[in-house]
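Chemist: Supplied in structure tokens, the structure appears directly below.
Residue numbers (the UniProt record's numbering): 1 to 201.
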């Protein structure tokens, strides 16, 4: 069973279908939050809050689920595949993010209005979509923006030092939890091997 899961999570079709599903989940949940909410602006504010909350989840999953020793080896092994092959198409089964998001909405609706639950979880889904897109692009293009060049180098250093620099969209939580590593020119040697950038004709 574990081998089948790893095969699915490493497939190209699952990878791209996951990105589509993640984006659609965020959009559908935002619409539902507005439909069920009595205050549209409150829903939008909670949606933004959900995006911010996801930055912590992004860090926690990457640092503690993918890079710490624990019994759920399938997560560690699945992520190790990306470190061995940065251009691989590794992603959770395409239906998992929508399923997990739906479960969270169901749980949250016991403690808050349904519209608010859709808004917060929808924002978290958008954060996950943003994470997936940014991680995909980081390994496949050069950035002209100073900030995104910084984040690209920040992530590539993680490939050299797997216990450091776990963030993809922000470095804030690495700074908070003491896993931030400030690299130098020596650390950046060989990072071209982590980028598959098409050469201009």
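In this text, a Cβ means the ideal position worked out from N, Cα and C, and glycines have one as well. Model, not experiment: these values are computed from the prediction.
Determine the DSSP secondary structure at residue 67, reduced to helix, strand or coil.
Modeler: Here residue 67 refers to the residue found at position 67 of the chain shown. Note: residue 67 maps to coil in three-state DSSP.
Chemist: Exposed or buried, which one is residue 20 when buried takes at least 16 other CB atoms within 10 Å?
Modeler: Along the chain shown, read from residue 1 onward, the residue named residue 20 stands at position 20. Exposed is the call here.
Chemist: Here's the rule: buried if 16 or more other CB atoms are within 10 angstroms of the residue's CB, otherwise exposed. What is residue 201?
Modeler: Working through the chain shown from its first residue, we reach residue 201 at position 201. At residue 201 the pLDDT is 47, less than 50, meaning the model places this residue with poor confidence; the figure from the coordinates comes in the next sentence. The residue is exposed, with fewer than 16 neighbouring Cβ atoms inside 10 Å.
Chemist: Should residue 116 go down as buried or exposed, given a rule of 16 or more other Cβ atoms within 10 Å for buried?
Modeler: Looking up residue 116 in the chain shown gives position 116. So residue 116 ends up on the buried side.
Chemist: Restricting to runs no shorter than 3 residues, where is the beta strand (DSSP E) found entirely within the UniProt domain "Fatty acid hydroxylase" (47-179)?
Modeler: Here no run is fully enclosed.
Chemist: Secondary structure at residue 33, three-state DSSP: helix, strand or coil?
Modeler: Here residue 33 is taken as the residue at index 33 of the chain shown, counted from 1. Correct three-state label for residue 33: helix.
Chemist: Does the segment 47-67 touch the segment 136-156, meaning 3 or more C-beta pairs lie closer than 8 Å?
Modeler: Contact fails: fewer than three Cβ-Cβ distances are below 8 Å.
Chemist: Report yes or no: do the segment 146-159 and the segment 180-189 share at least 3 C-beta pairs separated by less than 8 Å?
Modeler: In short, these stretches touch, since the Cβ pair count reaches three.
Chemist: Given that a residue counts as buried once 16 or more other Cβ atoms are within 10 Å of its Cβ, and exposed if not, what is residue 173?
Modeler: As a first step, residue 173 is located in the chain shown; it is residue number 173 there, counting from the start. Classification for residue 173: buried.
Chemist: Give the single residue among 124, 22, 37 whose Cα lies nearest to the Cα of residue 91.
Modeler: As a first step, residue 91 is located in the chain shown; it is residue number 91 there, counting from the start. Looking at the Cα atoms, 22 is the closest of the given residues.
Chemist: Would DSSP call residue 185 helix, strand or coil?
Modeler: Sequence index remark: in the chain shown, residue 185 carries index 185 (1-based). DSSP places residue 185 in coil when its eight states are reduced to three.
Chemist: On the three-state DSSP scale, how would you describe residue 201?
Modeler: Reading the chain shown from its first residue, position 201 is the one you call residue 201. With a pLDDT of 47 at residue 201, under the threshold of 50, the predicted position of this residue should be treated as unreliable, and no value is reported.
Chemist: For residue 168, count neighbouring Cβ atoms within 10 angstroms of its own Cβ and tell me buried if that reaches 16, exposed if not.
Modeler: Here residue 168 is taken as the residue at index 168 of the chain shown, counted from 1. Buried: at least 16 other Cβ atoms inside 10 Å.
Chemist: Which residue from 63, 170, 176, 154 puts its Cα closest to that of residue 187?
Modeler: Along the chain shown, one-based indexing puts residue 187 at 187. When only C-alpha atoms are compared, the closest one is 154.
Chemist: Is there contact between the segment 139-147 and the segment 111-129, where contact requires at least three CB pairs shorter than 8 Å?
Modeler: At 8 Å Cβ cutoff, the stretches do not touch.
Chemist: In angstroms, rounded to a whole number, what distance separates the CA positions of residue 38 and residue 104?
Modeler: Numbered from its first residue, the chain shown carries residue 38 at position 38. Numbered from its first residue, the chain shown carries residue 104 at position 104. Taking the straight line from one Cα to the other gives about 21 Å.
Chemist: Helix, strand or coil for residue 22, going by three-state DSSP, please let me know.
Modeler: Position 22 of the chain shown, counted from the first residue, corresponds to residue 22. Note: residue 22 maps to helix in three-state DSSP.
Chemist: Residue 122 and residue 50 look like a contact to me (Cβ under 8 Å); what is the Cβ gap, rounded to whole Å?
Modeler: The count along the chain shown starts at 1 and reaches residue 122 at position 122. The count along the chain shown starts at 1 and reaches residue 50 at position 50. Residue 122 to residue 50, Cβ: 6 Å. Contact.
Chemist: Give me the residue from 177, 14, 165 with the minimum Cα distance to residue 95.
Modeler: Locating residue 95 in the chain shown gives position 95, where the first residue counts as 1. Of the listed residues, the one whose Cα sits closest to residue 95 is 14.
Chemist: Within the same chain, show all residues whose beta-carbon is closer than 7 Å to that of residue 48, passing over the 5 residues directly before and after it, in chain order.
Modeler: Numbered from its first residue, the chain shown carries residue 48 at position 48. Excluding positions up to five away in sequence, the list reads 123.
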